[in-house]
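In my numbering, the protein residues as written are 9 to 187.
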């Protein structure tokens, strides 16, 4: 293995580390936002998904999944097992949806649409876990419509933010020699 391959692999791992740190910082800051009245407990905007979506778009499923797993481990350490399970279920479903939509040859949705669809998937994954943990399938009808509306709004916001910060994230990638 030549020096160039080692440097590219090292640069890629370093970039994933930086992206992971950015996702964790956004997740931490998001946890500081107080509960929004009228929304289910724990409903947050999902700003760390900006990093996951960039990673999915730039590097594909395995790298985006690594960010998702890192975020769920952080949720376990900072908020406990239930938060971790919900984070992982929502994150996994969201990551699958975003990768499929981003890799679709004629992606008619654009970043904004992918962001909204992945936010819906994230909330669906969390709602499924909440139903399983509580043994209450009626949560789907009670919280589902509200979470759907919340996902559309927050997905649009995170998609817009991703569009704005995409040049800076691409610059990070180029700075490490990753194309």
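The beta-carbon is built from N, C-alpha and C at its ideal position, and this holds for glycine as well.
Rounded to the nearest whole angstrom, the C-alpha separation of residue 23 and residue 72 is 12 Å. Given a length threshold of 4 residues, each whole run of the alpha helix (DSSP H) inside the region 84-160 is given here in chain order: 89-111 and 118-142. Residues 82 of the same chain have their beta carbon placed closer than 6 Å to that of residue 32, with the five preceding and five following residues left out of the count. Between residue 158 and residue 43, the C-beta gap is not smaller than 8 Å, which leaves the two residues out of contact.
With contacts defined by Cβ atoms closer than 8 Å, residue 165 and residue 53 form a contacting pair.
It is roughly 7 Å from the alpha-carbon of residue 102 to the alpha-carbon of residue 127. Secondary structure at residue 33: helix, using DSSP grouped into helix, strand and coil.
Per DSSP, residue 67 is one residue of the alpha helix (DSSP H) stretching across 57-67. Scanning its chain for C-beta atoms nearer than 7 Å, with the 5 sequence neighbours on each side dropped, one finds around residue 134 the residues 94, 97 and 98, in chain order. Under the 10 Å beta carbon count, residue 36 is surrounded by fewer than 16 other beta carbons and is classified as exposed. With the rule of 3 Cβ pairs closer than 8 Å, the region 139-152 does not count as touching the region 116-126.
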